[in-house]
Every structure is written in C-alpha cells, then in structure tokens.
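Beneath this line is the structure, given in structure tokens, with notes to follow.
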Amino acid sequence: MTVDTSNGAVPAGSSPRSGTDPAASAPQLVQLLTPEGERVEHPDYPLEVSAEEVRAIYRDLVLVRRIDTEAIALQRQGELALWASLLGQEAAQIGSGRALEPRDMAFPTYREHGVAWVRGVDPVTLMRMWRGVNMGGWDPAEHNFHLYTIVIGNQTLHAVGYAMGVQRDGNVGDADGEAVIAYFGDGASSQGDVSEAFNFAAVYNAPVVFFCQNNQWAISEPTERQTRTPLYHRAAGFGFPGVRVDGNDVFACMAVTRAALRAAREGQGPMLIEAFTYRMGAHTTNDDPTRYRLAADVETWKLRDPIERVKAYLARNQLADQAFFTEVDDEAGELAARIRREVRAMPEPAPETIFEHVYAEPHALIEAERAEFAAYHASFDAEEAGR
Amino acid sequence: MTVDTSNGAVPAGSSPRSGTDPAASAPQLVQLLTPEGERVEHPDYPLEVSAEEVRAIYRDLVLVRRIDTEAIALQRQGELALWASLLGQEAAQIGSGRALEPRDMAFPTYREHGVAWVRGVDPVTLMRMWRGVNMGGWDPAEHNFHLYTIVIGNQTLHAVGYAMGVQRDGNVGDADGEAVIAYFGDGASSQGDVSEAFNFAAVYNAPVVFFCQNNQWAISEPTERQTRTPLYHRAAGFGFPGVRVDGNDVFACMAVTRAALRAAREGQGPMLIEAFTYRMGAHTTNDDPTRYRLAADVETWKLRDPIERVKAYLARNQLADQAFFTEVDDEAGELAARIRREVRAMPEPAPETIFEHVYAEPHALIEAERAEFAAYHASFDAEEAGR
Amino acid sequence: MTTLTLGKAMNAGLRAAMENDPKVVIMGEDVGRLGGVFRITDGLQKDFGEDRVIDTPLAESGIVGTAIGLALRGYRPVVEIQFDGFVFPAFDQIVSQLAKMHMRSQGLVRLPVVIRIPYGGGIGAVEHHSESPEALFTHVAGLRVVSCANPLDAYVMIQQAIASDDPVIFFEPKRRYYEKADIDTEGAVAAAPPLHTTRVARPGTDATVLAYGSMVKTALQAAEAAAEDGRDVEVLDLRTLSPLDVETISASVNRTGRCVIAHEAPVFGGIGGEIAARITEACFYRLEAPVLRVGGYATPYPPARIEEHYLPDLDRICDAVDRTFAY
Amino acid sequence: MTTLTLGKAMNAGLRAAMENDPKVVIMGEDVGRLGGVFRITDGLQKDFGEDRVIDTPLAESGIVGTAIGLALRGYRPVVEIQFDGFVFPAFDQIVSQLAKMHMRSQGLVRLPVVIRIPYGGGIGAVEHHSESPEALFTHVAGLRVVSCANPLDAYVMIQQAIASDDPVIFFEPKRRYYEKADIDTEGAVAAAPPLHTTRVARPGTDATVLAYGSMVKTALQAAEAAAEDGRDVEVLDLRTLSPLDVETISASVNRTGRCVIAHEAPVFGGIGGEIAARITEACFYRLEAPVLRVGGYATPYPPARIEEHYLPDLDRICDAVDRTFAY
Ligand SMILES: Cc1ncc(C[n+]2csc(CCOP(=O)(O)OP(=O)(O)O)c2C)c(N)n1
Ligand SMILES: Cc1ncc(C[n+]2csc(CCOP(=O)(O)OP(=O)(O)O)c2C)c(N)n1
Ligand SMILES: [Mg+2]
Ligand SMILES: [Mg+2]
C-alpha cells in the first residue's frame, strides 16, 4: 500500500513560483557543449574525447533515461512502491560517473541511478529497494558505489571519513591515488552535516570531491529557499575551490569532475562542483509538481536537454549515423523489457528476513524474537491446518 | 565535588603546538587602537568617542577583568564549581556589548561575562550557575541578554529565530530597528548548527550579527584543527559580509559591531564579525593549558593586552589622570569584595527545587514524584527524630 | 457536523489555531505552497501569508533552533517534521534546548513550540519513513508527548498542544490520515477533555488493551474479534504518552486484571515497558497475568513488502490477550 | 597485577587495542595532545601518531559521520564524546546510519565503531555534563549498549567492544574514573566472560538489586547496609544493556523473588522499565512484590548543589528493597 500524496490540484488563485534563473549566473558556468550541440572550449578544462567515447556516453544517457521511464511506469502499475526520477540530470550523473576511476569510491543520494549504471549496479538490483524488497543490498565494495542514503546529507560525512581512510592507507599523492566523490542536492546543502563535511574535508585536506546536483528544487522548494548565494560559493568559505558547471552538459561534467578527482588524488584536497541542472520530473512518483511550479519553466529547460545536445553533436560531426541511434533505442527497449520482466518476477522477501542482518554477530534478543515469531506463525499455520 | 582533570604534566618529549600566527593575517584586521595605545583610522569604520566614554570603557574593562579574577579565586576556594575565564577577551566583549542598543537582543555562549556586565546582569547573579545553585536564571527579557548556552553552537540558531521574530514584528528597516547578536567561538564554527544559522539568516535576511571570538583555542585544539581558512571568510560562502577585527581593540570591536548592527536593523541582513583575540587563561578552571600550548605564545599576546592599550591611550592623550585609574582600581576591589561576600552568602537551593519549573503548566508525573520525594524525606526525618 | 479525514481535521485544527492567535506560525519543509507532503498545511500559506507559514531550508536542527528563537520572541511555532525518521538532526535542539530552557531559566522563559511528527508504518514507504520514535521523547524531561488516533482528537488536540505553554511533541498516525469521522468543529474544543487524559475507546470487563495513534483502530478491531470469542475487551486510547494518565489506566486494569499494550515501535525500550512497570506497581494484587506487550521487533523497520509481518495486527493483539488468560 | 583506576584501565585497554590492531583509530575533541578532558586517551597520540589519534573539529555529527566512513574503509574507529550531554548532535548519524547500515546492506557492510560516552552525575558539574542517556540508545535497533563499573571491566570490555563487528555505545561511569583495583592485564581478556553477560557482583538470597555503571558501587553499599539489617541482597552488575542478559537476571530474581533496579537516568522511560516488564513476564509466579525502580526524577539533571538529592543513593536503594518486603 502506498499513500497517495499527490491528489490535490493547485489551489485557486495561486501562482507557482519559478526556480532561479540560470541565465543570471551563466557567465560563471563551465560549458563545453552548447544546448545546440556545439563544442566550445574552456581554458581550465580541456577535453579530448574520442568518437567512440561520445557514442558510449550517448548510449549511457539514453539507457539511463529509459531505465527511469520504465521505473516510473512500473511504479504506476504498482510494481514499485516509489521512484525518484533522474530525468534531466542524466548528463550530470553520466559525466561525473564516467570521470571516476574504478578504484574511486562514490557516495550517492537516492537519485543517482545514472552513476549506479556507470558503476555497474544492475538496474534491477537497484529497484529492489524501490519495490520494498530490501533497503539497498548491492555490495558497495564490489562496485565502489555506496548504498543509497535517504537521510539528506548524511552520506557526505561518510565520504569524507572514507577519504580520511584513503589518506591513512597512503593512497593519495600522485595520479595513481584514490579519490572519493560525494553526491548531494541543492536542498542538502542546507544541512549541518554537509557543512561539517566541507569543513572536515578542508581541515584534513581529504581527497574528496563534493558533487552537488543543483536541480533547483528540493521537493517544492526552489533554490532561493535554500541559499542566498550560488552554491559553489560555499566552498571558498571553507577554504577550497568551488566551480559551477553546466549540469546538462555531459562533457563539462566529465571534464570538471575528472580535474577535481585528479587534484584530490594528487593530494590537493577537496573541491566542490555545482552541476547546474533541472529536475524535469516530479520529486518522486508521490509528488505533484503542478502544485508549486510553472509548466513554462520546465519547457524552457527542455531546450537544454542533456541528451539532445549529444545527439546533435554526434550528428553534426558525423560521428554516428541513424543506424547507431536506432540500435541504441532498440537496446534501451530491450533493457526496459528485461527490467519489467525481472522486477515483476522478483521473489518476495521471506517474512523472517525481518530478523536478518540486524547485527553482524549473534544477538540474544534478535534470536529470542526470531524464535517467538517462528513459533507464533507455526501456531497459526497449525490452526489453519486444523480448520 | 568537582573532578580535577588538570593533574597531569606535559608528557615528556612532547612540544605543545602554538596557535595560528596572527601576524600572518594582520592586513585584513580592522584596528583602531594599536597595542601601544595609538589611535589609527580605518576608512570603513570611523569612530567618534568622547573622553568620558573612553573612561567608561576603561572602567568596564577593568571591572570585568576583576570579576574574572575573583571568580577564579572563588573556584580555587571551592566556592564555585567551575569558571570559564574571559581573560584576554575583555575588549571583544565590552566593545561589542557597548555597541548594542538596549532594545537589541544578545545570545551569549558561557564565556560572555563582559557582555553580561554591559547588559546589567549582576556578576553574583551570573555566578549562581557556576556555583551550582541554578542553571542560569536571570531574566533574558529584562536584560535583553539570553541565558548562557553550553551546548556549542545551539544559541546561534536561537538568535536567528529571534531575529525572524523581529522581522515579523515589523521592527526592521531603519535606524530605530532592532538587531540581534549571536556570540560563539572558533571551535563552535565547526558545528553544523552554526552553518545552519548562517544559512537561515542569509536566506531570510534576518537582522542578526554573528560575533565570533576567535580566541584561537577550543579547549586544547588550535584554530587550524577547526578551519583551513580565516573564519570570517565563512560568511561570503553563505552570501553575506564577513570582517576580521582586532579582538583586543575595544574601539575596533565597538565600531565594527555598531556598523554591523546598524546594517542589520536597517534591513541589510546578517554579518559575521571575527574578533581575533587570544584565550589568555585556561579553558576553564578544570583545564591545564600547559599540556598543549607554549607559555611563549601567551607571552606574545600579553603585549597585545586589551586593557593596557586603552590605559595608554587615556594617559597619552591626558584623558585621565592617576586619580581616575586609582579610583577604578578601588572600585574593582570593592566589587570583588562584594562578589566574594555575596557568593559565599548565597543561600543553598532547597532540594525540592529539583521539581520546580520543569514545566510551565501542571504535570501529573512531576507532582507525583514531588510528593513521593517529600514523603520519603519526611519518613527519614521522622526516623531520625525517633532515634 | 462536518465529515473530515484525520488529515483534514489536522488542517482545520491548525487553521483554527492560526485564526485564534496571530502569534501562531508554521514552519517546515514544503509546508507552504505544497501544503506539506501529506497536505496537512494545505492552503494555510495562501491564507496566512509567507511570514506565518514558512518554507524553511532543508535543515531540521535549523528549523527547531529557529523555532525556539521565535518562541523566545513571543511566537508560537508549530514545526512540521516531514517524516518520523527525519527528526533526528533536530534531536540535539529538542533535548538540550527545547526541553530544558524553561527549567534553566527558572520559569522565566516559556517555549510554546509544537513539533508535529507524522509517524509509523503501513504505508509501503522506503526506509526512514515508517518509524515510531516516540519513546525517545518520552524519556526526555521537559517535553510533553501526545498522539491522536481519530479526526476529532486531531482537530482538538493540535489546538490544545498549540495552546500549551510547554513544548509538545505531537505524533500523527500517518497511515490513518485518510480515516474519516463527523466532527462538530464548533463545539469540539470546549467539549474536549484536557490534553493529557486517556480515553476509554471501548468499555470492557475482561482485559484492557492500551493503544495510541495508529494502533487504536487495530486494538478496536481486536476487541471486536475477541467479542466474537466471548471476551469483553476494554480499549484505552492513551492519547498522552508523557505524562501518562496513570489514574485512568490503572483504574481500568484494576477492574479487568489483565493488560496488553500495543505499539508499532520496537517492544524493547518502548513506552510499553514503562507503562507495564507502572501498572504492575499500581495493580500488583489485581493482575492475573503479567502485562504483555505487542509491538515492533528489535530491528530496524523492515522493507515495505514485509512490513505487515512487523506491524502489530489484530491477530497478534488477540493472541496476547489470549495469553493473559493462560496464566 | 597492576593497580589501576578505572580511567587508567580504560587508557590501558585502548592502548592494548591499538597495539593489537593497526586499524583501530581514536577520534574526538581534545583526545590528542590533551589526552581528553578525563585523560582517558593520555599519551596515545604521542605513541601512535596523529593519524591514529585524531583531534577532530568540534562537531559531533561530523565525528561520528566520518567515523562511519573510516569504518567503511576498513578502520575500527573509537569515538570519544566529551560528555554525555554532547552526544545529541551525533544522534542522527548514530540512529539513521550507524545502527542501520548493516541491515541496509544485508550484511555486506560492517561498522565496527565504538562510541565512548563518559556519563552520569555526581561530579559537581554544570548543565549537560551529568546526564544518563543510555535508554535513548537501547531503544535503537542495530546498536549494542554496554557500561563498565570497575577497572577490570573497563580494561576488558573496551577491548571486546572494539573487537565487535557491530557498533557499540560504551557508557563510562565518569564519577568512578578514580576508583582503583588490581588488574592482571596479561590474562584479563582471555579470562573474561563475553561482552554481553551480566555478572553477579554479590551473591544473595533475599532480593536482587540490578545496577550498572556508577550504580554498582552504590548497590553494593546498599547490600552491605541491608546485611546489617539481616537481609541478604544479591547485586547484579548488568554490564550489558542491549541486549540484556535476561537469563542471568531472571535466574536471580526467580531465586530471590524480589527485585530493585537502580540507575541514574530518570525512572520514567528508563531502561529499568524494560527490565521490569521483562522480569515480570519471566518471573511472574515467583515475584513477591512488583519490581521497583530507583532512579533520577522526571526532570532535567539538577544543579550541582542539589544533585545528591537527585541521584539514587544507598538509602534510596535500601528503602526500595524494604518496600519489596512490604508486599
Ligand atoms: C533529513 C531529511 N529531511 C527531510 C527529508 C525528506 N526529503 C527527501 S528528498 C527531500 C528534498 C531533497 O532536495 P535536494 O537535496 O535538492 O535533492 P533532490 O531531491 O532535488 O535530488 C526532502 C526534504 C529527508 N530525506 N531527510
Ligand atoms: C556540542 C558540544 N560539544 C562539546 C562541548 C565541550 N566543550 C565545551 S567548550 C568547548 C570548546 C569550545 O571552543 P570555542 O567554541 O572556541 O569557545 P571557547 O571555549 O574558546 O570560548 C568544548 C569542546 C560542548 N560544550 N558542546
Ligand atoms: Mg534538488
Ligand atoms: Mg575558542
């Protein structure tokens, strides 16, 4: 059962407010690929990217969007309990995710399905928690991709602590070093934990990159309810560099994240990246954004679509033909079909899993309650059988 | 009974580290009175101060230092349970405190005895909590001086909330407006609450001044364990101005705080003032700073004494004669004697006060426990009487 | 008489409180234009303005900390915590400041702050959205803790909580937000019992079941089921968790001699233990069986697909009642 | 055999753990050069370096949050919270992350983090320095909670807690830091019972007094006093609060038929209620009187000059034992 919290209409007479105007802060934005698919250069972030890599990127972008669409459909059909859509944030996630080396560790929020994809977490595995089958459960060490964290901001401190461990392991100092990335949102920037994470990272010069996807909304609250200043400014106040990047530009996200990770692994300490993007969908499948924002804003941002510009770039430079695009679309369709099939076929968790993995070591009370639970259900079963 | 946690010597072979070198950041420091007592001008902070006012300031400085000395003595004699010395921070406190209008509200930490003095809280009233008689207990509304807050950083949010109330009361917008000041330390700057306070204040443009006394120590930890950047930089990251002032210069502290309060009351929002000073004494009477810092550092800071420079200024400009200085010293002696007398004569709290003021309204459990307590003690008394 | 869901009754209660006292302000995440994720504050910002219905930054410590500041300035803030699992960033401000400032000031400072927490499971949610942390607040002196179980109490109790000069933690059984009842909003507050009283939700003679919030409905269902088996079970809707209405509770148990306590929170360390200990003291000679507790297990709240096995249901309550008869 | 105070035994235990496992790191405020305000980590930074004994920024959530990160990287952090009242800024990280990550990961992620909390009153301190918040942790599934009462247990239990693959909240009775005992540091760990066992501190036949941490000494004094009145009181040092060693406890109460629980924390909502409820269930037919509780009152911890009236002392424990004989 799921509570539907989205059944209200916009109250009469209200005028939903729009988010921050991105144009206002455009000058500081690092951009390598325009919405029209034109490649532009940035002095600080040179990027060489092969045709093959661009095609791979395009494929990632399309596939993760397809995963997202499918998940929303599955939620509507009651197969998932909830889903937090990444629509509009594909470039920020694929760009930053692809900047990671396999040895780097990533700490996501609950919306980083694109990063999960890049890190090799199967979408069906990911959807178990959204179906209510478990609460995570992929092996963070296998993928160097931590579990989703729902309590806003908590994971940024885990990332810093992990990075402190990397330092203690002596794995910082040159290009072979390890780096850590912490994802969080514009809303999360308000949490004390995130500021503490900034500060611990700065004080210890920890090899961590803070990657903020400013999608301009924290549920119904626009960015100006969270901050008076562009979020990337926050970093300087704690003593490390911050930069704002066009979050819908996969090249820029990749180049800037790569540079930040490199600095971190070499021992230059933390950096904050604000990926300026837009949450195109609802906050989650429970949310009804028509209550608080204008459809027109969303339309504006459609023109800045992160996938279209890569497609235009590929087409414009003849790096891919229609066959390629069709092939990717087909693959997306197959992926969606597999997800649909496998999610529907997902085995129900056994009731007794309630008692599993609460502790790593034996625990008297858990054992007692597990036994009571079993006895109670056995007595029921016996009763039923006796009828 | 008090646990003595100060009985260890510096471990052999260790070399206590010193705090941040203030000289390094001297250029940004607002100073109006040099350690030698010379008046200097600062373009942003003009200050007119009459001879009478300087003498009153001098008197405040001397008296609060005397209060402090007396409190330490009383603690040594077992009359107080604990004391947190303000030694070295008199200028920061008297300067900022005197910048407040009576209608402004102040939120202190546990070390703002100088501000308390300016706000008219009697030192004996203040010492009740340090004696263990109560936990505060002056009327914040009477003095516009909130109770001491011991949990680091908590009060900064109370100040912002209060300032939000001032806004809602419509008391911001011109020179007659109200402003709020929040005191905190260098260590406190690391707490999530303080960053959240910065952010709420910025987002709501609340009329609040954040006054950080950077005394370079949080118990045994020097400022570089708390921050990688000068603390006043923090403000810009949240979108409001920050300034560093010579915290041992009472004129500068007064002028800068006055300007910040004016901006706040006029509706320009928050400002952060970092008063760069030094904790000359132990953290509290329980602490033994020889374990972690060099006596030489303290010596350096003695040359920057906040009182000596005002005395020199008064003498140099013939604004006060020896009779005045003697008079102030005598007054200090009398004040100390009164404190000593009244602290020693302070009535013991009745045991039943345990149950008082837990709630504002009647509470069944408190009443039940109060009755049990009374009955239990009555039975004891009866037993004793029967013997 | 108006038919209202529990959620809409909350909304009506908040609206009434705001109309009656201009010092009442609402604060929280998404409480403004959105009206909260459960729409409990729906329409209030539109009618009372952004100064009185405040969309805050996403920082619970900040919300409660500034609410305390507003209260110091004479306001009566009502804070919405979005979900039970998100109250913990504010725990320090609640425990160290909100609960203690009145005593610290020897009664000179009052903090009439209400913290509303939609709590409990059964809504098929992801982690942190189904918890029952009430016992973590009942152990904190200086707080008052209550929970409503039906639309009428939602409407009345929120107004009483806001009127209280002490801080009140107000637990709302989120899975009952859509339960309906007819309410006479006009006379309700005047006719209501005081906030800290326990109500006999169903009189009975053979055993007492104590419940609050979401469990009251379940306990009443269990009582119905027991009635079919010929057992007359009394159900008490506790309403107040701190302080407890020990008088009403022990009066009932002294009559019935048997008692079962049900809550969604883990049994271990839950408020049920406190109640059981107190009842046992108060009714020692009358108890035919130990007070039994039915609740969550000593585990984190489980994933949605198995939550029904975690949550106390009518069978588990009936089973416990049966067991009290086996002594 | 070495004579050690409880505080120095803690220090020796930490040192041994650090020597035995290079992954053990210590984190907290002032734990480095100062050795902590109680000197529990005295000398450890000097001997193990700044990478293993970490003076952190003043931010408890940050400390616990980064400790979790270090644990994810394979370290075994031991966090010092300076005083009981300062654990609350870290409560969110403890409850939402530290306690739940193992289950969230289906056992793939282990968090061997120890959080040391010097707790309790009787030291003449100012506010927030004398609290007993242990019940707020025992109600949180996923945590283990223990408390030591003497130098030997301090030395052994801290090592066992560090060796545990689960998070452990470790309550140290700060007013007993200066109590001394002779310890055989060589053989102690090998000879010790497991972490989660309750110890009979004094055998007796007439009534059982349960205590932990600072109250064990007081309970033993009460037992001596009762002995003078001809009553043979058994004292159990609980040592483990979550999970409880229910077997040992109920074995004792089944023998004596009377039970008193003492803790400094407020009785209302304290762990005593949970224990009382459980014992009553386990020993219903054997109990001659209800389980009685002696503890703090339902108030904030009072100012130092009256704390002796708040803290359970030997008279109040004896009085409760007497009352169990009045039933
Ligand atoms: C501590 C906490 N408070 C509240 C919530 C409820 N909540 C879930 S997502 C969200 C908004 C997050 O906004 P943002 O950080 O911008 O991330 P986005 O959802 O836009 O990706 C809120 C308030 C939560 N998960 N955790
Ligand atoms: C939340 C919290 N953690 C720890 C402490 C213990 N403590 C008291 S004062 C102090 C250092 C404070 O340093 P700073 O903010 O610089 O203020 P100062 O004492 O130098 O005035 C610490 C750690 C506390 N009071 N509150
Ligand atoms: Mg967002
Ligand atoms: Mg300091």
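Chains as they are written, first to last, in our numbering: chain A, 187 to 573; chain B, 187 to 573; chain C, 2 to 328; chain D, 2 to 328. We treat Cβ as the ideally placed atom computed from N, Cα and C, and that holds for glycine.
Please look up how many angstroms separate the CB atoms of residue i and residue j, rounded, as I've assumed it's under 8 Å.
| i | j | result |
| --- | --- | --- |
| R240/C | D154/C | 7 Å |
| V496/A | L286/A | With 8 Å as the limit, V496/A and L286/A do not qualify as a contact, their Cβ atoms being about 19 Å apart. |
| A162/D | V141/D | At roughly 16 Å, the Cβ-Cβ gap does not stay under 8 Å, so A162/D and V141/D are not in contact. |
| Q341/B | F293/B | 4 Å |
| A299/D | P267/D | 5 Å |
| E61/C | V38/C | Not quite, the Cβ-Cβ distance comes to about 14 Å (not below 8 Å), so this is no contact. |
| H129/C | V337/A | 6 Å |
| L266/A | R526/A | Actually they do not touch by this definition, with Cβ atoms about 11 Å apart. |
| H299/A | L272/A | 5 Å |
Closest Cβ-Cβ distance between residue i and chain C: below 8 Å?
| i | result |
| --- | --- |
| M313/B | no |
| H140/D | yes |
| E569/B | no |
| V310/B | no |
Using a Cβ cut-off of 8 Å (strictly closer), state whether residue i contacts chain D.
| i | result |
| --- | --- |
| F370/A | no |
| Y545/A | yes |
| R354/A | yes |
| V32/C | no |
| Y328/C | yes |
| Q576/B | Here chain B has residues from 187 to 573 only, and residue 576/B is not among them. |
Using 8 Å as the limit for Cβ to Cβ distance, is residue i near chain B?
| i | result |
| --- | --- |
| V394/A | no |
| S406/A | no |
| V127/D | yes |
| E460/A | no |
| S376/A | yes |
| Y213/C | no |
| P197/A | Reliability of the predicted coordinates at P197/A is poor, the pLDDT of 30 falling under 50, and no value is obtained from them. |
| G581/A | Nothing about residue 581/A can be reported from this structure: the residues present for chain A run from 187 to 573 only. |
| G86/D | yes |
Applying a beta-carbon distance threshold of less than 9 Å, which residues of chain D neighbour residue i?
| i | result |
| --- | --- |
| F386/A | T57, P58, A60, G63, I64, G66 and T67 |
| G108/C | Residues of chain D passing the Cβ test: none, with the nearest at roughly 13 Å. |
Just to make sure I have the definition right: I need the residues of chain D whose C-beta is within less than 8 Å of the C-beta of residue i. Which are they?
| i | result |
| --- | --- |
| R294/C | A278 |
| P537/B | I307 and H310 |
Can you list the residues of chain B that residue i reaches, using a CB-CB cut of under 7 Å?
| i | result |
| --- | --- |
| L45/D | Result: empty, since nearest Cβ-Cβ is about 10 Å, beyond 7 Å. |
| Q504/A | Going along chain B, no residue has its Cβ under 7 Å from Q504/A, so there is no contact; the nearest lies around 45 Å. |
Report the neighbours of residue i on chain C: residues whose CB is nearer than 7 Å to its CB, in chain order.
| i | result |
| --- | --- |
| A299/D | A142 |
Beta-carbon of residue i versus every beta-carbon of chain A: anything under 8 Å?
| i | result |
| --- | --- |
| G121/C | no |
| P113/C | no |
Against residue i, what residues of chain B qualify as contacts under a CB-to-CB distance less than 8 Å, listed in chain order?
| i | result |
| --- | --- |
| S253/C | The premise fails here: S253/C is roughly 16 Å from chain B at the closest Cβ pair, so nothing lies under 8 Å. |
What residues from chain A crowd round residue i, counting only those whose CB sits closer than 9 Å?
| i | result |
| --- | --- |
| Q83/D | Within chain A, no residue comes near Q83/D; the closest Cβ sits about 16 Å away, beyond 9 Å. |
When you compare the segment 432-452 of chain A with the segment 452-462 of chain B, are there three or more beta-carbon pairs, one atom per stretch, that lie closer than 8 Å? No, because fewer than three Cβ pairs between the segment 432-452 of chain A and the segment 452-462 of chain B fall closer than 8 Å, the two stretches do not touch.
Stretch-stretch touch, CB-based, cutoff 8 Å, three pairs: the segment 327-339 of chain A with the segment 99-114 of chain D: yes
Flag this pair as touching only if the segment 383-396 of chain A and the segment 78-97 of chain C have three or more C-beta atom pairs under 8 Å; answer yes or no. no
Contact between the segment 313-326 of chain D and the segment 271-285 of chain C is defined here as three or more beta-carbon pairs at a separation below 8 Å; is this criterion met? no
Any residue with its Cβ nearer than 7 Å to a heavy atom of ligand 2 should be included. What is that list in chain order? A270/B, T295/B, R297/B, I336/B, V337/B, I338/B, G339/B, F370/B, G371/B, D372/B, G373/B, A374/B, Q377/B, Q399/B, N401/B, W403/B, A404/B, I405/B, R465/B, H469/B, E30/D, D31/D, L59/D, E61/D, Q83/D, F84/D, F87/D, P90/D and H129/D
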